[in-house]
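Data block below; observations after.
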Amino acid sequence: MASSQEHTVKAFDQDIGQLRGLISQMGGLAEAAIGNAMLALQRGDHELAAQVRADDKKIDAIQHEVERAVVRIIALRAPMANDLREVVAALKIATVVERIGDYAKNIAKRVPQIESEHRIDPISTLPAMARMASDMVRDVLDAFAARDPDAAIAICERDDALDDFYDSIFRTLVTYMVENPKTISQCAHLLFVAKHLERIGDHATNVAEMIHFAAHGTPIAERDRSDDVATSPFSSRS
Amino acid sequence: MSNNPPKMTASHVDVSYGTNHAIRDVSIDVYREDVTAFIGPSGCGKSTFLRSLNRMNDTIPTARVSGDIRLDGEDIYAREMDVVQLRARVGMVFQKPNPFPKSIYENVAYGPKIHGLAQSKGELDRIVERSLTRAGLWNEVKDRLSDPGTALSGGQQQRLCIARAIAVDPEVILMDEPCSALDPVATARIEELIHDLRGRYAIVIVTHNMQQAARVSQRTAFFHLGQLIEYGDTSDIFTNPRQERTKDYITGRYG
Ligand SMILES: Nc1ncnc2c1ncn2[C@@H]1O[C@H](COP(=O)(O)OP(=O)(O)O)[C@@H](O)[C@H]1O
Ligand SMILES: [Mg+2]
């Protein structure tokens with residue numbers, strides 16, 4: 001009896017180890033996708049952009065692998081309590097990371113549509129925002145790997161800085177469009193890029209919430225957002 | 001989860017067998033509206049505690065029970081308590097189905113007869129039919145009520161024992177690992193039956209099968225080394241137990 005239980009637990013630990021491995025693999029690919037999409041955008045590199053779009057299929061494939069692994073673990077191991085929460089969190093995190101990959105792919109898709117002749121200035125500030133977003137993704141997945149809910153919460157707090165970044169880019173781009181209507185098309189694309197990056201930050205925050213839930217079984221206490229005022233219909237803070 | 005008063009309350013219950021202190025200071029309430037599951041490693045005292053709820057421990061010479069156990073506020077260990085009556089009000093179903101070596105009909109009719117619950121043969125017939133129906137066995141046995149109870153399959157025998165407990169119109173039904181001798185299909189039928197009986201009787205079930213506890217109960221109590229470690233909503237116990245020992249046990253890391 002005792003030995004069969006131990007066997008079950010060992011098998012479960014192996015399964016969950018495999019699950020964590022898949023998620024960190026996905027995370028690495030998503031992070032690379034963000035970096036490459038932004039590089040392609042900066043350089044107007046259509047080939048690199050096409051590569052990002054092709055690589056997204058790998059992320060999707062791993063997500064499906066995670067789904068299959070989770071169904072198998074629940075069916076065969078019947079995990080309970082924190083084990084169950086961790087498996088559920090892994091499933092949800094895989095979905096979120098897949099979404100993050102989609103945003104990178106969307107950024108890459110815009111690269112061929114942006115005229116390379118009249119490139120406007122905000123293109124050079126977007127990579128800094130992208131680094132901020134992709135650092136959040138990397139750090140939150142590290143927190144998942146380390147089962148560290150405190151580190152995860154700290155990442156949530158960085159989302160505010162990303163939101164501020166978005167708001168400032170939004171204002172800059174609107175000014176450009178008003179002053180030079182020829183840039184409207186390009187600015188609209190860049191606005192979407194900024195919005196995608198801001199959404200990536202939100203998703204990293206979601207992952208942090210799942211890490212907290214997996215560890216404690218309760219949601220993160222709602223952060224005080226009373227100081228937020230929607231600054232425009234496109235504000236990140238809706 | 002109900003806000004009605006508990007059907008039974010146990011406060012500071014201790015049970016020992018000679019020098020073996022099997023239950024230590026256990027307090028727990030059980031409710032008519034809910035199925036309560038007792039889980040915990042073998043030897044932790046689940047059966048001992050269960051038996052103290054209808055004074056079955058009285059039949060074990062070395063057993064000593066102290067503390068306060070009440071049924072609808074009535075002290076079941078009070079001198080004036082009629083133990084035979086108590087065991088009709090708090091029925092019990094055991095791990096191994098134990099039908100009497102008599103007909104199916106007699107197995108169910110026996111209790112109502114000795115408790116004088118039927119004034120006529122017709123009335124007794126109705127009690128037998130109703131009990132077998134509630135136990136989900138009527139359709140399978142109605143044409144062979146005079147066959148011996150022991151001729152039934154294991155799962156049917158267990159449902160016969162449940163019908164026998166139901167026949168005396170109990171308020172509480174205690175079940176000690178009622179499915180551990182049954183195959184999965186027979187087990188599923190018993191679990192379904194527990195689900196159907198819920199609300200009509202307060203049900204307490206001891207099970208070593210945690211999935212079963214999760215499936216059939218609304219409240220779960222985890223016992224360890226004679227102590228009650230944690231008692232709460234089944235969904236909380238299985239998704240987010242408060243106590244480390246509960247967590248270790250239900251995730252299989254106990255040891
Ligand atoms: N009839 C008995 N006589 C003496 N000791 C008993 C008897 N029944 C149980 N015990 C002892 O009481 C403790 C609890 O046993 P039990 O209530 O059967 O645990 P569980 O049902 O959780 O497996 C054990 O140490 C066991 O040996
Ligand atoms: Mg027992």
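Residue numbers (UniProt numbering), protein chains in the order written: chain A, 1 to 238; chain B, 1 to 255.
Positions of the beta carbon are idealized from the N, C-alpha and C atoms, including for glycine.
Tell whether a beta-carbon distance below 8 angstroms holds between A:Ile155 and A:Met136.
On the first sequence, residue 155 of chain A is found 155 positions in, with the first residue counted as 1. On the first sequence, residue 136 of chain A is found 136 positions in, with the first residue counted as 1. Between A:Ile155 and A:Met136, the gap from beta carbon to beta carbon is short of 8 angstroms.
contact_flag[the segment 190-200 of chain B, the segment 48-62 of chain B] where n(CB pairs < 8 angstroms) is 3 or more: These segments do not touch.
For a test of the three-state rule: what should DSSP assign to B:His119, helix, strand or coil? Within the second sequence, residue 119 of chain B is the residue found at index 119, counting from 1. Before going further, note that residue 119 of chain B is Gln rather than His in the sequence given. When DSSP states are grouped into helix, strand and coil, B:Gln119 belongs to the coil group.
- Message: I'd like to confirm something about B:Val206: is its beta-carbon nearer than 7 angstroms to some heavy atom of ligand 2, or not?
- Response: The sequence position of residue 206 of chain B within the second sequence is 206, counting from 1. With a cutoff of 7 angstroms, B:Val206 counts as near ligand 2, since its C-beta is closer than that to a heavy atom of the ligand.
Q.
Can you list, in chain order, the residues of its chain with a C-beta nearer than 6 angstroms to that of A:Ile16? Leave out the 5 residues immediately preceding and following it.
A. If you number the first sequence from 1, residue 16 of chain A lands on position 16. For A:Ile16, where only same-chain residues beyond five positions count, there are no Cβ hits under 6 angstroms.
query: If we count the other Cβ atoms within 10 Å of its Cβ and call it buried at 16 or more, is B:Gln157 buried or exposed?
result: Position 157 of the second sequence, counting from 1, holds the residue named residue 157 of chain B. By the neighbour-count criterion, in which 16 or more other beta carbons inside 10 Å mark a residue as buried, B:Gln157 falls on the buried side.
Problem - Interface residues of chain A facing B:Lys247 [CB-CB closer than 7 angstroms] - result: Counting from 1 along the second sequence, the entry for residue 247 of chain B is found at position 247. Within 7 angstroms of the CB of B:Lys247, the CB atoms of chain A belong to Ala81, Asn82, in sequence order along the chain.
| field | ligand 1 site residues, beta-carbon cut 6 angstroms against heavy atoms | value | Every residue whose beta carbon comes nearer than 6 angstroms to a heavy atom of ligand 1 appears here in chain order: B:Tyr17, B:Asn20, B:Ala22, B:Gly40, B:Ser42, B:Gly43, B:Cys44, B:Gly45, B:Lys46, B:Ser47, B:Thr48, B:Ile60, B:Thr62.
Mind listing the chain B neighbours of A:Ala78? Cutoff is C-beta to C-beta under 7 angstroms, in chain order. As a working mapping, residue 78 of chain A is identified with position 78 in the first sequence. Annotation: Cβ neighbours of A:Ala78 in chain B (cutoff 7 angstroms, chain order): Gln211.
I'd like to know whether the C-beta atoms of B:His115 and B:Ala135 end up nearer to each other than 8 angstroms.
Counting from one through the second sequence, the residue named residue 115 of chain B turns up at place 115. Counting from one through the second sequence, the residue named residue 135 of chain B turns up at place 135. Not a contact, by the Cβ cut-off of 8 angstroms.
Notebook entry, point to check: Using the C-alpha atoms, what's the distance from A:Gly28 back to A:Val52?
Noted result: Locating residue 52 of chain A in the first sequence gives position 52, where the first residue counts as 1. Locating residue 28 of chain A in the first sequence gives position 28, where the first residue counts as 1. Rounded to the nearest angstrom, the two C-alpha atoms are 13 angstroms apart.
Got a sec: does ligand 2 put a non-hydrogen atom nearer than 7 angstroms to the Cβ of B:Glu177? Along the second sequence, read from residue 1 onward, the residue named residue 177 of chain B stands at position 177. Here the distance from the Cβ of B:Glu177 to the nearest heavy atom of ligand 2 is below 7 angstroms.
Notebook entry, point to check: For B:Ile250, which residues of its own chain have a beta-carbon under 8 angstroms away from its beta-carbon, when the five flanking residues on both sides are left out?
Noted result: As a position in the second sequence, residue 250 of chain B is number 250, starting the count at 1. A distance below 8 angstroms between beta-carbons, with the five flanking residues on each side excluded, links B:Ile250 to the following residues of its chain, in chain order: Ile39, Met210, Phe222, Ile237, Phe238, Pro241.
ask   = By DSSP, does B:Ser235 sit in helix, in strand, or in coil?
value = Counted from its first residue, the second sequence places residue 235 of chain B at position 235. Helix at B:Ser235.
- Task: Would you decide whether B:Gln212 is buried or exposed? Buried here means 16 or more other CB atoms lie within 10 Å of its CB.
- Result: The count along the second sequence starts at 1 and reaches residue 212 of chain B at position 212. B:Gln212 counts as buried, since at least 16 other C-beta atoms from the protein chains shown sit within 10 angstroms of its C-beta.
**OP:** Report yes or no: is there a C-beta of chain A within less than 8 angstroms of the C-beta of B:Met8?
**Re:** Working through the second sequence from its first residue, we reach residue 8 of chain B at position 8. Residue-level contact check: B:Met8 does not touch chain A, since none of the beta carbons of chain A fall below 8 angstroms from its beta carbon.
Candidates B:Gly149, B:Ala10, B:Thr48, B:Lys102: closest to B:His21 by CA position:
Within the second sequence, numbered from 1, the residue matching residue 21 of chain B stands at position 21. Closest option to B:His21, Cα to Cα, is B:Thr48.
Only counting runs of 4 or more residues, tell me where the alpha helix (DSSP H) segments fall wholly within the UniProt domain "PhoU" (23-111) of chain A, in order along the chain. Within the UniProt domain "PhoU" (23-111) of chain A, the complete alpha helix (DSSP H) runs of at least 4 residues are 46-77, 81-110.
Q.
Within a Cβ cutoff of 7 angstroms, which residues of the same chain sit near A:Val174, ignoring the five residues on either side of it in sequence?
A. In the first sequence, counting from the first residue as 1, residue 174 of chain A sits at position 174. Result list for A:Val174: empty, nothing under 7 angstroms.
Item checked: For residue 273 of chain B, the three-state DSSP class (helix, strand or coil) -> The question about residue 273 of chain B has no answer here: the residues shown for chain B are numbered 1 through 255.
Check your understanding: Closest by CA to B:Thr150, which one among B:Glu106, B:Ser235, B:Val206?
Key -> Mapped onto the second sequence, residue 150 of chain B falls at position 150. Out of B:Glu106, B:Ser235, B:Val206, B:Glu106 has the C-alpha closest to the C-alpha of B:Thr150.
Notebook entry, point to check: Grouping DSSP H, G and I as helix and E and B as strand, with all else coil, what is B:Asn20?
Noted result: Residue 20 of chain B sits at position 20 when you count from the first residue of the second sequence. B:Asn20 falls in the strand class under three-state DSSP.
Original post:
Can you list, in chain order, the stretches of the beta strand (DSSP E) that have 3 or more residues and sit fully within the segment 186-239 of chain B?
Top reply: 202-206, 219-224, 227-233, all fully within the segment 186-239 of chain B.
- Task: Measure the CB-CB distance between A:Lys105 and A:Ala33 and report whether it falls below 8 angstroms.
- Result: Here residue 105 of chain A corresponds to residue number 105 of the first sequence, with the count starting at 1. Here residue 33 of chain A corresponds to residue number 33 of the first sequence, with the count starting at 1. Judged by beta-carbon spacing, A:Ala33 lies within the 8 angstroms limit of A:Lys105, meaning their Cβ atoms are closer than that value.
Taking its Cβ as the centre, do 16 or more other Cβ atoms sit within 10 Å of B:Asn54, making it buried, or is it exposed? In the second sequence, the residue the question calls residue 54 of chain B occupies position 54. Here B:Asn54 is buried. Its C-beta has 16 or more other C-beta atoms within 10 Å.
Under 8 angstroms, Cβ to Cβ, is there at least one residue of chain B near A:Val9? By 1-based counting over the first sequence, the position of residue 9 of chain A is 9. The Cβ of A:Val9 sits closer than 8 angstroms to at least one Cβ of chain B.
query = Are the C-beta of B:Pro241 and some C-beta of chain A separated by less than 8 angstroms?
reply = Counting from 1 along the second sequence, the entry for residue 241 of chain B is found at position 241. Using a CB distance cut-off of 8 angstroms, B:Pro241 counts as an interface residue toward chain A.
Check your understanding: Where B:Asp183 and B:Lys96 are concerned, what is the direct C-alpha to C-alpha distance, given to the nearest angstrom?
Key -> As a working mapping, residue 183 of chain B is identified with position 183 in the second sequence. As a working mapping, residue 96 of chain B is identified with position 96 in the second sequence. Just so you know, the alpha carbons of B:Asp183 and B:Lys96 end up roughly 13 angstroms apart.
*Would you kindly check if the distance between the Cβ of B:Ser66 and the Cβ of B:His208 is under 8 angstroms?*
Within the second sequence, residue 208 of chain B is the residue found at index 208, counting from 1. Within the second sequence, residue 66 of chain B is the residue found at index 66, counting from 1. No, these two residues do not count as a Cβ contact at 8 angstroms.
**Report entry** Short Cβ contact (8 angstroms threshold) for A:Val66 with A:Ala49
**Finding:** In the first sequence, counting from the first residue as 1, residue 66 of chain A sits at position 66. In the first sequence, counting from the first residue as 1, residue 49 of chain A sits at position 49. In this structure, A:Ala49 does not lie closer than 8 angstroms to A:Val66 by Cβ.
- prompt: When you compare each of B:Pro112, B:Pro148, B:Gln243, B:Ala181 to B:His224 by their alpha carbons, which one comes out closest?
  reply: Locating residue 224 of chain B in the second sequence gives position 224, counting from the first residue. Closest by alpha carbon: B:Gln243.
Run through chain B and tell me which residues come within less than 8 angstroms of A:Arg85, C-beta to C-beta. Mapped onto the first sequence, residue 85 of chain A falls at position 85. Here the neighbours are Thr239, Asn240.
- Would you mind telling me which residues of chain B sit closer than 9 angstroms to A:Asp17, beta carbon to beta carbon, in chain order? For the purposes of this step, residue 17 of chain A is taken as residue 17 along the first sequence, with counting starting at 1. The sequence shown places Gly at residue 17 of chain A, not Asp. Within chain B, no C-beta atom comes nearer than 9 angstroms to that of A:Gly17; the closest sits roughly 15 angstroms away.
**Prompt:** Does residue 257 of chain B have its Cβ less than 8 angstroms from a Cβ in chain A?
**Reply:** Outside the displayed range of chain B (1 to 255) lies residue 257 of chain B, so it cannot be described from this structure.
### Query
If you measure from the CB of B:Val84, is any heavy atom of ligand 4 nearer than 7 angstroms?
Absence of ligand 4 is noted for the structure shown, with ligand 1 and ligand 2 being the only ligands found.
Review point. Between which two residues does the alpha helix (DSSP H) carrying B:Asp176 extend?
Key: Sequence index remark: in the second sequence, residue 176 of chain B carries index 176 (1-based). Premise fails: B:Asp176 lies in the beta strand (DSSP E), 172-176, not in any alpha helix (DSSP H).
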